[in-house]
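Under the working numbering, the letters of the sequence shown match residues 4 to 499, in that order. Down below is the structure, laid out as structure tokens.
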Amino acid sequence: MTGKVMESLNQFVNSLAPKLSHWRRDFHHYAESGWVEFRTATLVAEELHQLGYSLALGREVVNESSRMGLPDEFTLQREFERARQQGALAQWIAAFEGGFTGIVATLDTGRPGPVMAFRVDMDALDLSEEQDVSHRPYRDGFASCNAGMMHACGHDGHTAIGLGLAHTLKQFESGLHGVIKLIFQPAEEGTRGARAMVDAGVVDDVDYFTAVHIGTGVPAGTVVCGSDNFMGKPPNLTRTSPAGSGRNVVPASALLKVETRGASDVINQYVFDRAQQAIQGAATMYGVGVETRLMGAATASSPSPQWVAWLQSQAAQVAGVNQAIERVEAPAGSEDATLMMARVQQHQGQASYQVLAIAVETLARTALNFPGREVSDAGNLSFIDDAIEADRQRYTDIADQIWDHPETRFEEFWSAEHLASALESAGFTVTRNVGNIPNAFIASFGQGKPVIALLGEYDALAGLSQQAGCAPTSVTPGENGHGCGHIAGTAAFAAA
């Protein structure tokens, strides 16, 4: 791509900013959870249709029997009717009825080349959004109007990015080769939706695949081109049923929700199998039946190195990108786009998962860092590092002093008072004797919502000799000792 074309590309993407903002805020306001993204899907379909994309919708791209964590019929119908009342487009909504809210838009250039796919997700979380003027979406009038549904993971932004990408590709279609697929996936939360699209064959012909997430924990101006820290996750829902009912007040059935994760598929499968064995063993011991239903699934991520290198080379040329890196160390939970990645790779294609920071061509706008709140620009939070460094010695001293005074459970009077006094001197309001426990306290500051709690513990182990030859040295060798890290955890808790 020539410098002139690159400049034109940057200008065009920047011109989309008002549309991106409008789409994102609209999707945020009308948040819809997994498998009920009816309104969202109709608006996406209409936008793509107007651009001239070939569309495959609903049952064409979602395998009915592979859907996981599907709401009950009552919920599906209720949300379908609500979507119609909230502006879902009549010409498209029938394709999505019953929980088939997937879309694949195809741009065939007619010129030889590979099949390339980009995947974004559309669903919200089952959360209630904060209704407070300090919360920007509420203050600016685009907080979720649907109780119990909120875009707290940025999927409203992802959907807007997908539409922005669709506009950009059409604008520069003459320079493209091969086939481009844009995959709009339902029900990513809970890792419920990707398998149904994989089983419908939507990525079977894909040579190059990229899934996208706006930056979480990534500095402004950074693009992660090969995120490989997603964990395998086959969560399941298990119902345990006793043999009959009518015995006193013992319920006739019980519902147990279980989730397992592992850093690799092998580890995760081991944990999953052991959990199943434990559940079956408990049921056998008490003479009850067990029904297990898979509610979601994901695999560990393994990006293709050559494709990651290409993505890095392209991202580095984008205005506003300071660095394009391969990966980050922090664990990223689970993400079912890994199932699409795995299928592409099984068919000898290449796949990756990109994490975009907020500076990337203005496309990734505001990410939500935790339920009920939007996160500030990561650059605005850089002072945290300085604050930690300034107090580092203070809190390592606290850790050393608690090490020197090991106290077992319910006897941590010196440790409790030492910590409480340190936090009090730092400006916290300290409430002592919590729950009528003399050595329990709560240190708090601030007001309003949300309320965030950190738990610290400072008891030692009984009968554990600390090494007298090490610094710091226990003053009670052979009696009590800190062997479980509570001193470090408490110091970190106090510093936080």
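Think of the CB as a built atom: it goes at the ideal place given N, C-alpha and C, for glycine as much as any other residue. Only a predicted model underlies this, so the values are computations on that prediction, with no experimental measurement involved.
- request: Would you list the residues sitting across from L359 in a DSSP beta bridge?
  value: The bridge partners DSSP lists for L359 are I217, V226.
task: Using the Cα positions of L359 and V324, report the straight-line distance between them to the nearest angstrom.
output: Rounded to whole angstroms, L359 to V324 spans 9 Å at the Cα level.
Spatial neighbours of E414 in its chain, beta-carbon cut-off 6 Å, leaving aside the 5 residues before and after: Same-chain partners within the cutoff: there are none.
task: Spatial neighbours of D111 within its chain, please: CB distance less than 6 Å, with the 5 preceding and 5 following residues excluded, ordered by chain position.
output: Within the same chain, D111 has close Cβ partners V182.
task: Within the same chain, show all residues whose beta-carbon is closer than 6 Å to that of L384, passing over the 5 residues directly before and after it, in chain order.
output: Annotation note: pLDDT 41 at L384 (below 50); position unreliable, coordinate value reported separately. Excluding sequence positions up to five before and after L384, its CB lies less than 6 Å from no other CB in the same chain.
- request: Give the DSSP bridge partners of K184, in chain order.
  value: In the DSSP output, where bridge partners are listed per residue, K184 has T109, A120.
query: Rounded to a whole number of angstroms, what is the C-alpha to C-alpha distance between Y33 and A214?
result: Between Y33 and A214, the C-alpha separation is close to 24 Å.
- prompt: Distance, Cα to Cα, F275 vs H350?
  reply: So the alpha carbons of these two residues sit roughly 27 Å apart.
task: Leaving aside the five residues before and after P374 along the sequence, list all residues of the same chain whose C-beta is less than 6 Å from its C-beta, in chain order.
output: Residue placement at P374 is flagged as unreliable, the pLDDT there being 30, under the threshold of 50; a coordinate-derived value is accordingly withheld.
message: For G486, tell me which candidate among A402, R435, A354 has the shortest Cα-Cα distance.
response: Comparing alpha-carbon positions, the option among A402, R435, A354 lying closest to G486 turns out to be A402.
Where A169 sits in the DSSP three-state scheme: Helix, per DSSP.
- prompt: Just curious, the alpha helix (DSSP H) that A312 is in, first and last residue?
  reply: Its alpha helix (DSSP H) spans residues 308-318.
- prompt: What three-state label does DSSP hand L19 in the structure shown?
  reply: In this structure, DSSP gives L19 a state outside helix and strand, which the three-state scheme calls coil.
Exposure of Y273, with buried meaning 16 or more beta-carbon neighbours within 10 Å: The residue is exposed, with fewer than 16 neighbouring Cβ atoms inside 10 Å.
field: Beta-carbon proximity of R346 to V227, cut-off 8 Å
entry: Not a contact, by the Cβ cut-off of 8 Å.
Secondary structure of E191, DSSP reduced to three states: Three-state DSSP puts E191 in coil, outside helix and strand.
message: Beta-carbon within less than 6 Å of Q326's beta-carbon, same chain only, minus the 5 sequence neighbours each way: which residues are those?
response: So the qualifying residues of the chain are T225.
Sequence-distant residues of the same chain with beta carbon closer than 6 Å to H216, five excluded per side: Cβ within range, chain order: V358.
V31 versus A108, W313, M153, residue with shortest Cα-Cα distance: For the record, residue 31 in the displayed sequence is His; it is not Val. Checking every option, the nearest Cα to that of H31 belongs to M153.
task: For E10, count neighbouring C-beta atoms within 10 Å of its own C-beta (all shown protein chains included) and say buried if the count is 16 or more, exposed if not.
output: By the neighbour-count definition (other C-beta atoms within 10 Å, threshold 16), E10 is an exposed residue.
- prompt: Which residues does DSSP pair with Y211 in a beta bridge?
  reply: M119, Q353, per the DSSP bridge assignment.
- prompt: Is the segment 58-69 touching the segment 102-116 in the sense that three or more CB pairs, one from each, lie closer than 8 Å?
  reply: The answer is yes - the segment 58-69 touches the segment 102-116, with three or more Cβ pairs under 8 Å.
- prompt: Which whole-angstrom value is the C-beta distance of L23 and G167, which I expect to be below 8 Å?
  reply: With a Cβ gap of about 5 Å, L23 and G167 count as contacting.
- request: Kindly confirm or deny that the segment 130-139 and the segment 79-98 touch, where touching means at least three C-beta pairs closer than 8 Å.
  value: Short answer: they don't touch.
query: When we look at the beta-carbon of R27 and count the other beta-carbons within 10 Å, is it buried (16 or more) or exposed?
result: R27 comes out buried.
task: Using beta-carbon positions only, say whether A354 and Q348 come within less than 8 Å of one another.
output: Less than 8 Å separates the beta-carbon of A354 from that of Q348.
task: Please work out which residues of its chain come closer than 6 Å, Cβ to Cβ, to T432, disregarding the five sequence neighbours upstream and downstream, and give them in chain order.
output: Answer for T432: S447, listed in chain order.
Proximal residues to L92 (C-beta, below 6 Å), its chain only, five neighbours per side dropped: Here the set comprises T45, E49.
- prompt: Do A190 and N66 have their C-beta atoms closer together than 8 Å?
  reply: Not closer than 8 Å, so no.
- prompt: What do you get for G165, buried or exposed, if any count of 16 or more other CB atoms within 10 angstroms of its CB means buried?
  reply: By the 10 Å Cβ count, G165 comes out buried.
query: Going by C-alpha distance, which of V311, S137, L128, T162 is nearest S147?
result: Out of V311, S137, L128, T162, L128 has the C-alpha closest to the C-alpha of S147.
task: Give me the Cα-Cα distance between L19 and D75, rounded to the nearest whole angstrom.
output: Rounded to whole angstroms, L19 to D75 spans 38 Å at the Cα level.
- request: Return the CA-CA distance between F175 and E329, expressed in angstroms with no decimal places.
  value: Taking C-alpha positions only, F175 is separated from E329 by approximately 27 Å.
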